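Undergrad: Heads up, the numbering used here is the position in the sequence shown plus 1008, with the first residue counted as 1.
Cβ atoms here follow ideal geometry from the backbone N, Cα and C, with glycine treated the same way.
The model shown is predicted, which means the values in this text are computed figures rather than measured ones.
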Amino acid sequence: MEPRFCGKCGKPLSECTCAGRAGSFGGHAAPRPATPMHSGRHYVQRFENIALCEGESAIRQYRIGVMKWFGSGTADVLVTNRRVIMHSQSNYLLMMASTLQEVAIDSITGISSYFGKGFKKLFLVLGIILTLLSFTLFSSFSALSRWNGSIGPISIVPWLVLLVGVALLLMSRRPSYLFSINAAASAEAINTSANMTGVRLSGHGTGILFTFKPTEESVTMMHELGACVMDIKSKGDYAAEVWKNV
């Protein structure tokens, strides 16, 4: 059977203009590309360890949460010209957790954000219990001292319990940040809360990943993410270049 493709450039013989016809493939064999397509991890472009697809570039990044109590962790939102990606990772009391959520720019139909004050329920409940317990201990130790005289160093116990209770009450009130993205394919594509109850996953139930605190970039993202997404949807790469320099 007569050769169909050039063995040097891979083009059909009718379009070939090079001198590589001698090594042409015959029959139905697949042509060899002039420049082989590289595959493998080494050639994949990455941003903050997140692999980007062909033609995708990072535009904006927001650190919407950090963890400082009992461990370390971060929550970031990355905007590219193709996707909005939510990535969080933590090391909380020697328990490591990581999550990644994403939604295609073209499918986004709405964005909701809330920033306010919230409570860490565990700290709040423990603080109330310890504060009330300290009052009971004060009363009990007072009665014991009247009946048995001085009770020695243990008289400081009610004060320590009260101090811990008040500290927990003060720590229980923290800023909270609620952030969700609605997509055409589902009611909620990304739904996460940055407060003292952790990150709430969408679609697959609710789970506490780590306790983290909102940052100044949480408010920045709340004010500009909608405009950024709409510009990219309507103007494509032109808007992407503009938002990279905002």
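I believe Tyr1246 touches Leu1186 by the beta-carbon criterion, under 8 Å. Please report the beta-carbon distance rounded to the nearest angstrom.
TA: As a first step, residue 1246 is located in the sequence shown; it is residue number 238 there, counting from the start. As a first step, residue 1186 is located in the sequence shown; it is residue number 178 there, counting from the start. Not confirmed; about 32 Å, so no contact.
Undergrad: Helix or strand or just coil, what does DSSP make of Arg1091?
TA: In the sequence shown, the residue the question calls residue 1091 occupies position 83. Note: Arg1091 maps to strand in three-state DSSP.
Undergrad: State the start and end residues of the unbroken alpha helix (DSSP H) segment that holds Ile1240.
TA: The residue given as residue 1240 occupies position 232 in the sequence shown. First-last of the alpha helix (DSSP H) with Ile1240: 1224-1243.
Undergrad: Just the C-alpha distance for Ser1153 and Leu1102, rounded to the nearest angstrom, thanks.
TA: Position 145 of the sequence shown holds residue 1153. Position 94 of the sequence shown holds residue 1102. If I take the Cα positions, the gap works out to 44 Å.
Undergrad: Using DSSP's beta-bridge definition, name the partner residues of Ile1067.
TA: Against the sequence shown, residue 1067 aligns to sequence position 59. Answer is none; Ile1067 lacks a bridge partner.
Undergrad: Using CA coordinates, which residue listed in Ser1147, Ile1164, Val1133 is at the minimum distance from Val1174?
TA: In the sequence shown, the residue the question calls residue 1174 occupies position 166. Comparing Cα-Cα distances from Val1174 to each of Ser1147, Ile1164, Val1133, the minimum goes to Val1133.
Undergrad: Starting from the Cα of Ala1191, find the closest Cα among Arg1181, Glu1232, Ser1120, Thr1088 and give me that residue.
TA: Counting from 1 along the sequence shown, the entry for residue 1191 is found at position 183. Checking every option, the nearest Cα to that of Ala1191 belongs to Ser1120.
Undergrad: Output the boundary residues of the alpha helix (DSSP H) element that contains Asn1156.
TA: As a working mapping, residue 1156 is identified with position 148 in the sequence shown. Per DSSP, Asn1156 belongs to the alpha helix (DSSP H) from 1129-1156.
Undergrad: Output the boundary residues of the alpha helix (DSSP H) element that contains Ser1180.
TA: Counting from 1 along the sequence shown, the entry for residue 1180 is found at position 172. Its alpha helix (DSSP H) spans residues 1165-1180.
Undergrad: How about Ile1093 and Glu1110: do their beta carbons lie closer than 7 Å?
TA: Within the sequence shown, numbered from 1, the residue matching residue 1093 stands at position 85. Within the sequence shown, numbered from 1, the residue matching residue 1110 stands at position 102. Yes. Within cutoff.
Undergrad: Quick one: is Gly1081 buried, meaning 16 or more other Cβ sit within 10 Å of its Cβ, or exposed?
TA: Within the sequence shown, residue 1081 is the residue found at index 73, counting from 1. So Gly1081 counts as buried.
Undergrad: Are there 16 or more other CB atoms within 10 angstroms of the CB of Pro1161, so buried, or fewer, so exposed?
TA: Along the sequence shown, one-based indexing puts residue 1161 at 153. When all chains shown are included, Pro1161 counts as exposed.
Undergrad: Could you pull out every residue in the same chain whose Cβ sits closer than 8 Å to the Cβ of Asp1239, ignoring the five residues on either side in sequence?
TA: On the sequence shown, position 231 is the one that residue 1239 refers to. Ala1247, Val1250, Trp1251, listed in sequence order.
Undergrad: Buried or exposed for Gly1034, going by 16 or more other Cβ atoms inside 10 Å?
TA: Reading the sequence shown from its first residue, position 26 is the one you call residue 1034. Caution applies to Gly1034, whose pLDDT of 42 falls short of 50 and renders its modelled position unreliable; the model cannot decide the point.
Undergrad: If you compare alpha carbons, which of Lys1243, Ser1096, Met1104, Leu1171 is closest to Ser1142?
TA: Within the sequence shown, residue 1142 is the residue found at index 134, counting from 1. Per the Cα distances, Leu1171.
Undergrad: Confirm, please, whether the CB-CB distance from Glu1064 to Thr1088 is below 7 Å.
TA: On the sequence shown, residue 1088 is found 80 positions in, with the first residue counted as 1. On the sequence shown, residue 1064 is found 56 positions in, with the first residue counted as 1. Yes, these two residues count as a Cβ contact at 7 Å.
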